[in-house]
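Quick notes on the structure that follows.
There are 2 protein chains.
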Amino acid sequence: MTQKAREYYKDNPQFYVAVDCIIFAFENDELQVLLQQRNFEPFRGEKTLLGGFLQAGESLEEAVQRVLRIHTGLTNIYMEQVGTFSALDRDPGARVISTAYYALINKNLYDSTLLKEYNGEWVSTNHLPSIHFDHTKMIEQAREQLRRKISFSPVGFNLLPPSFTLAQLQRLYEVILGQEIDKRNFRKRVSEMQFIEKTGMIDKVSSRRGASLFHFNMEKYNMTHEFKLK
Amino acid sequence: MTQKAREYYKDNPQFYVAVDCIIFAFENDELQVLLQQRNFEPFRGEKTLLGGFLQAGESLEEAVQRVLRIHTGLTNIYMEQVGTFSALDRDPGARVISTAYYALINKNLYDSTLLKEYNGEWVSTNHLPSIHFDHTKMIEQAREQLRRKISFSPVGFNLLPPSFTLAQLQRLYEVILGQEIDKRNFRKRVSEMQFIEKTGMIDKVSSRRGASLFHFNMEKYNMTHEFKLK
DNA sequence: AATAAAAAGTGTAAAAGATACACTCATTAT
DNA sequence: ATAATGAGTGTATCTTTTACACTTTTTATT
Numbered sequence: 001m002t003q004k005a006r007e008y009y010k011d012n013p014q015f016y017v018a019v020d021c022i023i024f025a026f027e028n029d030e031l032q033v034l035l036q037q038r039n040f041e042p043f044r045g046e047k048t049l050l051g052g053f054l055q056a057g058e059s060l061e062e063a064v065q066r067v068l069r070i071h072t073g074l075t076n077i078y079m080e081q082v083g084t085f086s087a088l089d090r091d092p093g094a095r096v097i098s099t100a101y102y103a104l105i106n107k108n109l110y111d112s113t114l115l116k117e118y119n120g121e122w123v124s125t126n127h128l129p130s131i132h133f134d135h136t137k138m139i140e141q142a143r144e145q146l147r148r149k150i151s152f153s154p155v156g157f158n159l160l161p162p163s164f165t166l167a168q169l170q171r172l173y174e175v176i177l178g179q180e181i182d183k184r185n186f187r188k189r190v191s192e193m194q195f196i197e198k199t200g201m202i203d204k205v206s207s208r209r210g211a212s213l214f215h216f217n218m219e220k221y222n223m224t225h226e227f228k229l230k
Numbered sequence: 001m002t003q004k005a006r007e008y009y010k011d012n013p014q015f016y017v018a019v020d021c022i023i024f025a026f027e028n029d030e031l032q033v034l035l036q037q038r039n040f041e042p043f044r045g046e047k048t049l050l051g052g053f054l055q056a057g058e059s060l061e062e063a064v065q066r067v068l069r070i071h072t073g074l075t076n077i078y079m080e081q082v083g084t085f086s087a088l089d090r091d092p093g094a095r096v097i098s099t100a101y102y103a104l105i106n107k108n109l110y111d112s113t114l115l116k117e118y119n120g121e122w123v124s125t126n127h128l129p130s131i132h133f134d135h136t137k138m139i140e141q142a143r144e145q146l147r148r149k150i151s152f153s154p155v156g157f158n159l160l161p162p163s164f165t166l167a168q169l170q171r172l173y174e175v176i177l178g179q180e181i182d183k184r185n186f187r188k189r190v191s192e193m194q195f196i197e198k199t200g201m202i203d204k205v206s207s208r209r210g211a212s213l214f215h216f217n218m219e220k221y222n223m224t225h226e227f228k229l230k
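In order, the protein sequence lines correspond to chains A and B. Residue 1 is where the first sequence starts when you use the working numbering, and the numbers rise one by one after that. Residue 1 is where the second sequence starts when you use the working numbering, and the numbers rise one by one after that.
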């Protein structure tokens, strides 16, 4: 590289770059998000999203997957970039540019023993506690992005167990969209999508009669890519 | 701050942070984007988006407005964040994290004398030339984001002069959505939105008969926030 | 054994929204 | 006077969305 080219970069400042993860899960008819009550400095005692600093050899997506692995034990988690936040005073400790990603996990599969280690807690997105930094804004933006996405893309299945009842699926949609859905209309729309398949198994836990368990067939979905549900 | 808190930041690497601007304009029935053919190192001769490095005292949005002002002479330009790109090798000269923003300008109002200074050129988004870095991906993502947005939010008016004919507005939508629109249906939808107002002026340039000029009344729009056009 | 309780499962009609479609009008150039 | 150009306008059909109520299956209770 020429001297000029080196200066092109060198004349500019560098910044800490972080990722913050809005980890969503669905339980008790609530969309929940994983927070941590920090038991370390700085900002000990404050509630924040789970996050971490970008390291030299990794992309933002790799940093997110690292943070997710550490805190949930899971790999290959579905995630989506929400946005990058750069207000001068967003982190009072130092100038940090942070990119938020939301992630969708199935709470049954993740390693809940990790919770204690980092002082994590699940909270409902319906009544968020007071949260540090600009993390409340990140959560709201992520929730809105998920709401817009879920009607046209089969991302919601990441929040459910591999097999689920139609009642569970409907409740998930009702909670994320924030409105009641007519049962017959909902099921009509589901039945038009052949990639939402009856497994033949019956769930006897949630009802006396028993409800058919379904699962999302990703391969079949990939053939059509036609999804619409609300 | 405690020693611990200082280490919290100091143990982490820092990065160059940049912004890249997808500056869109509408002319000759094309959605165009402003590129520069670099006449400086590094990557002299390559085509890139207009961008710049984040400076210490500014947010990403301020950096974008700075870049936009320098290259178009305009301030207060409509813009929206597209996403942040962080692949390890995206800039072969150094590790740079870059956030892309698209901006919408009216080509009649901007300072075109600046073009020569930085070797800028407008290209149609329909047949993009070969562009350096990951900038092609940024442009495609921005174009898609604009396409999704324009039907439900009155952002397209930023690409038109303050007053415009309905034919102009329709062509804008046809080009961005990538499909022909029925004239009567389009006008029916426009006439339902009272904030798209007839100015009383007649444009005699584009037709013999003359066409009514309309303008977008932002104040009226803010009262309803109901927009739908496709 | 009969009954009550709980959630699963199922079809049709009306309303709303989206789409298809063709001619007249006003002006200017020839 | 006439031809050419783009502006302007309404209705009928199709598609999609919404509203709506009862029967079925099983278990717990008496």
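All C-beta atoms, glycine included, are put in the ideal place defined by N, C-alpha and C.
Please list the residues of the segment 81 to 107 of chain B that have a C-beta atom closer than 8 Å to any C-beta atom in chain A, keeping them in chain order.
Answer set for the segment 81 to 107 of chain B: Gln81, Gly83, Thr84, Ser86, Ala87, Leu88, Gly93, Ala94, Arg95, Val96, Ile97 and Thr99.
Does the beta-carbon distance from Gly51 of chain B to Asp89 of chain B come in below 8 Å?
Cβ distance not < 8 Å, so Gly51 of chain B and Asp89 of chain B don't count as in contact.
Segments assigned alpha helix (DSSP H), at least 4 residues, entirely inside the segment 130 to 158 of chain B:
Entirely contained in the segment 130 to 158 of chain B, the alpha helix (DSSP H) runs reaching 4 residues are, in chain order, 135 to 150.
Between the beta-carbon of Leu160 of chain A and the beta-carbon of Phe26 of chain A, is there less than 8 Å?
With a cutoff of 8 Å on beta-carbon distance, Leu160 of chain A and Phe26 of chain A are scored as near each other.
Considering only residues of the same chain and omitting the five flanking positions on each side of Val157 of chain A, which have a CB-CB separation below 6 Å?
The identity of residue 157 of chain A in the sequence shown is Phe, whereas the question assumes Val. For Phe157 of chain A, where only same-chain residues beyond five positions count, the Cβ hits under 6 Å are Phe216.
Interface flag, Tyr8 of chain A vs chain B, CB-CB below 8 Å
Between Tyr8 of chain A and chain B, the shortest Cβ-Cβ separation is below 8 Å.
Under a Cβ-count criterion, where at least 16 other Cβ atoms within 10 Å of its own Cβ denotes burial, should His127 of chain B be classed as buried or exposed?
Exposed is the call here.
Which residues of chain A have a Cβ atom closer than 7 Å to the Cβ of Phe53 of chain B, listed in chain order?
Residues of chain A with a Cβ closer than 7 Å to the Cβ of Phe53 of chain B are, in chain order, Asn12.
Where the segment 11 to 44 of chain B meets chain A: residues whose CB sits under 7 Å from a CB there:
The residues in question are Asn12, Pro13, Gln14, Phe15, Tyr16, Val17, Glu41 and Pro42.
Excluding five sequence neighbours on each side, which residues of the same chain lie with their C-beta closer than 8 Å to the C-beta of Ile181 of chain A?
In the same chain as Ile181 of chain A, and ignoring 5 residues on each side of it, the C-beta atoms closer than 8 Å to its own belong to Gln170, Tyr173, Glu174 and Lys230, in chain order.
Taking Ala211 of chain B as part of the alpha helix (DSSP H), name the residues at either end of that continuous run.
Judged by DSSP secondary structure, Ala211 of chain B falls outside any alpha helix (DSSP H) and instead within the beta strand (DSSP E) spanning Ala211 to Phe216.
Given that Ala5 of chain B touches chain A, what residues does it touch there, using C-beta distances under 7 Å?
In chain order: Glu41, Pro42 and Gly93.
Endpoints, alpha helix (DSSP H) assigned at Glu174 of chain A
Per DSSP, Glu174 of chain A belongs to the alpha helix (DSSP H) from Leu166 to Leu177.
How do the segment 132 to 147 of chain A and the segment 98 to 106 of chain A stand: do at least 3 beta-carbon pairs fall below 8 Å, yes or no?
Contact between the segment 132 to 147 of chain A and the segment 98 to 106 of chain A is present: three or more C-beta pairs spanning the two stretches fall below 8 Å.
For a test of your reading of the model: does the CB of Gly200 of chain A fall under 7 Å from any non-hydrogen atom of the ligand ZN? Yes or no.
Absence of the ligand ZN is noted for the structure shown, with no ligands found whatsoever.
Starting from the C-beta of Arg187 of chain A, find all residues in its chain whose C-beta is less than 7 Å away, skip the five residues before and the five after it, and write them out in chain order.
If we look at Arg187 of chain A and ignore the five residues flanking it on each side, its Cβ neighbours are Leu166.
On the CB-based measure, 16 or more other CB atoms within 10 Å of its CB, does Thr75 of chain B come out buried or exposed?
Under a 10 Å Cβ-count criterion, Thr75 of chain B is classified as exposed, with fewer than 16 other Cβ atoms of the shown protein chains found around its own Cβ.
Between the C-alpha atoms of Asp134 of chain B and Val33 of chain B, what's the straight-line distance to the nearest angstrom?
Cα-Cα distance, rounded: 15 Å.
Neighbour list for Ala56 of chain A in chain B, Cβ cutoff strictly below 8 Å:
For Ala56 of chain A, the chain B residues whose C-beta falls within less than 8 Å of its own C-beta are Pro13 and Arg95, listed in chain order.
Is it a yes or a no for the segment 112 to 127 of chain A touching the segment 59 to 67 of chain A, going by three-plus beta-carbon pairs under 8 Å?
The segment 112 to 127 of chain A vs the segment 59 to 67 of chain A: no contact.
Below 7 Å on C-beta distance, what does Thr2 of chain B contact in chain A?
At a beta-carbon threshold of 7 Å, the residues of chain A lying near Thr2 of chain B are Glu41, ordered along the chain.
Less than 8 Å separating the beta-carbons of Phe152 of chain B and Phe214 of chain B?
No; because the gap between Cβ atoms is not below 8 Å, this pair is not in contact.
So the candidates are A:Asn222, A:Gln179, A:Val190 and A:Ser163; which of them puts its Cα closest to the Cα of Met201 of chain A?
Comparing Cα-Cα distances from Met201 of chain A to each of A:Asn222, A:Gln179, A:Val190 and A:Ser163, the minimum goes to A:Ser163.
Could you list the residues in the segment 57 to 71 of chain A with a C-beta less than 8 Å from some C-beta on chain B, going in chain order?
Taking a C-beta cut-off of 8 Å against chain B, the contacting residues of the segment 57 to 71 of chain A are Gly57, Glu58, Ser59, Leu60 and Glu61, listed in chain order.
Quick check: what's the CA-CA separation for Pro39 of chain B versus Phe85 of chain B?
In the sequence on display, residue 39 of chain B carries Asn and not Pro. Asn39 of chain B and Phe85 of chain B have their C-alpha atoms roughly 24 Å apart.
Pick from A:Tyr118, A:Ser124, A:His225 and A:Leu177 that is closest to Gly73 of chain A, judged by C-alpha positions:
Here the closest residue by C-alpha is A:Tyr118.
Would the beta-carbon of Phe195 of chain B fall within 8 Å of that of Leu104 of chain B?
The answer is no: Cβ separation not under 8 Å.
Can you round the beta-carbon distance between Ile176 of chain A and Arg147 of chain A to whole angstroms, since I take them to be within the 8 Å contact cut?
Approximately 6 Å separates the beta-carbon atoms of Ile176 of chain A and Arg147 of chain A; this is inside 8 Å, confirming the contact.
Contacting residues, own chain, Cβ-Cβ under 8 Å from Pro129 of chain B (five flanking each side not counted):
Counting only residues of its own chain and dropping the five nearest sequence neighbours on each side, Pro129 of chain B has a CB closer than 8 Å to the CB of Leu35, Lys47 and Val123.
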